[in-house]
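Residues in the sequence shown are numbered consecutively from 386, following the numbering used here.
Built from N, CA and C at the ideal position, the CB exists for glycine as well.
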Amino acid sequence: MLPVKLFTDFIDLNNLFGHSSKVLAAVSGGMDSVVMVHLLKSAGVNFGIAHCNFQLRGDESTGDQEFCRRLAEKLQIPFHTINFDTLKYSADKKISTQMAARELRYQWFEEVRIQSGYLVIALAHHQNDAIETILLNLTRGTGIAGMHGILPKNGALVRPLLFLNREEIKNIIDENGLDYVEDSSNASVKYARNKLRLEVIPKLKELNPDLEQTFEKNLQHFRDLEQLLTQKVAELKKALFVYHDEEVHLLLEDLKKLEPQKLLLFNLLQEFGVNETIVDDLISSLEKHPGRMFETPGYRLVLDRGKLIISPVKQVKKEETLIRPDDRELEYPGYKLSILHDDSPLIIKNNPLAVSVDTDLLIYPLTLRAWQQGDHFYPLGMRGNKKISDFFIGEKVPLHKKNEIPLLINGNGEVVWVGGYRPDERYKVSKETKKVTIFELMKTI
């Protein structure tokens, strides 16, 4: 007899899908997915079967596909199937065969779900799968998120068999005389999950015969802890994150007070692509290394003047922008440059994004580019020359902003203007100036 009541109670308790929902069942033909199919049918769920042939086991793969087709015909439910060249996909993507099969099936399941109007995709994972997942995560290294096991619902993926263990599924198969197919690769211990299932878990069950029930209780504890951590991190983000346009600023004094520091800091910054190594380095730098910079694939984190500044990494063009005598308007990453020639010795005041220089001192072509090591100039109103890097420090320019500031370079290599900050004393408009050239920057981002 099928445990239909337990099945529907688990679905309702975890809000997996409604009674009138259309469900796509991922079916391999093995014991687990066959039991799920018969439970869905007995519960009166509107569902269809989806089966992937990965073409990895020759005739055996074809036989599994035909078994699933006949099962769908017998139960009079829609059947969806596809053949994959898994080995080619694995070679093209340079990933393992197992990872290739995983990517292919989930991509296709989602395509079928959307195209055929299914609400969710039902997967036949059970309690033992959850145990294996946790043990795998522990072996490889994991945080709290890796301890909650397989969730009953994750987006459009639902797992309505998580109330059963492997032994209970085998009993249902035997008691109801249900046909299924056996995947020969399940007996191979070359796969880590199979090795756990066949060699490690039986030893653990010798220590605790009720291993599945114990793990199920532990899983709930871990899920509760994860929920508590998520709530705490959300509260901290609201309290500590200060937004400045695209940037996020956090006071270092606040980060030093976090307890437990590493756990909370990792979860606070996880959305910015940080890993544990960066968090360790960041913590060790809070007291000792102002100016330290960290980069992730999408963000730059800088310790600057008592703050941690997080900004998205922008793709700044490396090439220089040349300016010729006839140019009147040019594009530069983040800016538009306008150029005006005037016969009157006009001096621009109170606009740091504009400058007037003595035309006769300009040697074309001019160049607009980011600063480079060794650049120096004679800041207007100051004595002597100064390295651009030292000038930036004096102007309190954040480290992550330095490369975004355009420098106007004369044809002789001298800096004419640090855009938005200061022109060079040597190029200022004087009583001897006959013509001026006015450069004006306008931000485009």
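Own chain partners of residue i with C-beta closer than 6 Å, once the 5 adjacent residues on each side are dropped
| i | result |
| --- | --- |
| Phe-762 | Val-800, Asp-809 |
| Phe-432 | Val-408, Ala-410, Leu-425 |
| Arg-807 | Pro-764, Leu-765 |
| Phe-469 | Phe-439, Leu-489 |
| Asp-689 | Pro-783, Leu-784 |
| Gln-483 | none |
| Phe-452 | Gly-414, Val-566 |
| Gly-832 | The structure shown does not extend to residue 832, since the chain spans only 386 to 830, so no value can be given for it. |
| Tyr-576 | none |
From the options, residue whose alpha carbon lies closest to that of residue i
| i | options | result |
| --- | --- | --- |
| Ile-695 | Glu-631, Lys-673, Ser-669, Asn-603 | Glu-631 |
| Glu-552 | Trp-756, Leu-765, Gln-512, Ile-535 | Gln-512 |
| Pro-750 | Asp-712, Lys-734, Gly-769 | Asp-712 |
| Ser-418 | Asn-795, Leu-546, Asp-745, Leu-671 | Leu-546 |
| Leu-792 | Ile-708, Ala-541, Glu-644 | Ile-708 |
| His-634 | Phe-657, Pro-645, Gln-616, Glu-644 | Phe-657 |
| Glu-780 | Phe-452, Gln-655, Glu-620, Val-803 | Val-803 |
| Leu-581 | Thr-524, Asp-564, Asn-788, Lys-673 | Thr-524 |
| Gly-796 | Lys-786, Leu-563, Lys-816, Asp-745 | Asp-745 |
| Leu-621 | Leu-643, Glu-601, Leu-398 | Leu-643 |
| Glu-458 | Leu-441, Ser-446, Ile-434 | Ile-434 |
| Tyr-491 | Thr-662, Leu-583, Val-543 | Val-543 |
| His-533 | Asp-564, Asn-550, Phe-607, Gln-461 | Phe-607 |
| Ser-446 | Tyr-720, Val-627, Ser-723, Asp-568 | Asp-568 |
| Lys-641 | Gly-528, Leu-667, Asn-550, Thr-527 | Leu-667 |
| Asn-550 | Glu-597, Val-585, Leu-725 | Glu-597 |
| Arg-754 | Gly-528, Glu-716, His-726 | Glu-716 |
| Asp-564 | Pro-645, Leu-456, Tyr-503 | Leu-456 |
| Thr-681 | Glu-661, Ile-724, Lys-786 | Glu-661 |
C-beta atoms of residue i and residue j nearer than 8 Å
| i | j | result |
| --- | --- | --- |
| Phe-494 | Thr-471 | no |
| Ile-516 | Leu-387 | no |
| Ile-535 | Asp-514 | yes |
| Gly-414 | Asp-449 | yes |
| Arg-685 | Val-698 | yes |
| Val-664 | Lys-647 | yes |
| Phe-392 | Ala-428 | yes |
| Glu-714 | Thr-752 | no |
| Leu-650 | Asp-639 | no |
| Leu-398 | Lys-538 | no |
| Ala-541 | Val-497 | no |
| Glu-789 | Gly-683 | no |
Beta-carbon proximity list for residue i, same chain, < 8 Å, skipping 5 on both sides
| i | result |
| --- | --- |
| Arg-454 | His-436, Phe-464, Thr-466 |
| Ser-405 | Asn-431 |
| Leu-637 | Leu-671, Leu-688, Gly-691, Lys-692, Leu-693 |
| Ala-530 | Glu-611 |
| Asn-561 | Met-386, Leu-387, His-423 |
| Thr-599 | Asn-593 |
| Ile-554 | Met-416, Asp-417, Val-420, His-511, Leu-546 |
| Leu-441 | Thr-471, Leu-472, Thr-482, Ala-486, Ser-570 |
| Gly-769 | Tyr-763 |
7 Å Cβ shell around residue i - same chain, five flanking residues per side excluded
| i | result |
| --- | --- |
| Met-421 | Ala-410, Ala-507, Ala-509, Pro-545, Leu-546 |
| Asn-652 | Leu-614, Val-618 |
| Leu-747 | Asn-795, Thr-822 |
| Ala-485 | Thr-471, Tyr-474, Ser-475, Lys-478 |
| Val-389 | Leu-424, Ser-427, Ala-428 |
| Asp-728 | Lys-820 |
Per DSSP, cross-strand counterpart(s) of residue i
| i | result |
| --- | --- |
| Ser-723 | Glu-714, Glu-825 |
| His-761 | Lys-772 |
| Trp-756 | None; Trp-756 has no bridge partner. |
| Val-800 | Ile-794 |
| Asn-431 | Lys-407 |
| Val-633 | Tyr-628, Ile-695 |
| His-436 | Thr-466 |
| Val-420 | None; Val-420 has no bridge partner. |
| Lys-538 | Val-543 |
| Ala-739 | Glu-825 |
| Arg-685 | Glu-680, Ser-696 |
| Ala-507 | Ala-410, Val-543 |
| Leu-707 | Thr-752 |
| Arg-360 | With the chain represented from 386 up to 830, any question about residue 360 goes unanswered, as that position is not in the structure. |
Contact test: residue i Cβ vs the ligand NAP heavy atom, cutoff 7 Å
| i | result |
| --- | --- |
| Lys-813 | The ligand NAP is not part of this structure, which contains no ligands at all. |
Would you call the segment 508 to 525 and the segment 585 to 594 in contact, with 3 or more CB pairs under 8 Å? With the cut-off at 8 Å, the segment 508 to 525 and the segment 585 to 594 touch.
Counting pairs of Cβ atoms below 8 Å between the segment 732 to 739 and the segment 823 to 830, do you hit three or more? yes
Looking at C-beta atoms only, is the number of pairs between the segment 745 to 760 and the segment 773 to 789 that lie closer than 8 Å three or more? As far as the Cβ criterion goes, the segment 745 to 760 touches the segment 773 to 789, which means the pair count is three or higher.
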